[in-house]
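Shown next, in structure tokens, is the structure this report addresses.
Residue numbers (this note's numbering): 4 to 68.
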């Protein structure tokens, strides 16, 4: 798993990459990343909280704030 945020010119993204061949469970503990945020690839808003969720093998997601 590799995850990072990037902020520039008032815009912020949160990138999560599963760099393994196994499904992984994720818990986002940073409350500043929680909320109803935009999934760049699914074109939808999704809730993000401290609840565990799974990401498929070699999966990735980019959230935009």
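For every residue, glycine included, the Cβ atom is placed at its ideal position computed from N, Cα and C.
Residue closest to residue 49, alpha-carbon to alpha-carbon, out of 60, 59 and 36: As a first step, residue 49 must be located in the chain shown, where it is residue number 46. Nearest C-alpha to residue 49: 36.
Where residue 32 falls: helix, strand or coil (DSSP): The residue labelled residue 32 in the question sits at position 29 within the chain shown. Three-state result, residue 32: coil.
For a quick check, are the C-beta atoms of residue 45 and residue 27 less than 8 Å apart? If you number the chain shown from 1, residue 45 lands on position 42. If you number the chain shown from 1, residue 27 lands on position 24. Against a cut-off of 8 Å, the Cβ pair of residue 27 and residue 45 comes out as no contact.
Who are residue 27's beta bridge partners in DSSP? Taking the chain shown and counting its residues from 1, one reaches residue 27 at position 24. Residue 27 is bridged to 58.
Can you check whether the CB of residue 66 is closer than 8 Å to the CB of residue 7? Numbered from its first residue, the chain shown carries residue 7 at position 4. Numbered from its first residue, the chain shown carries residue 66 at position 63. No.
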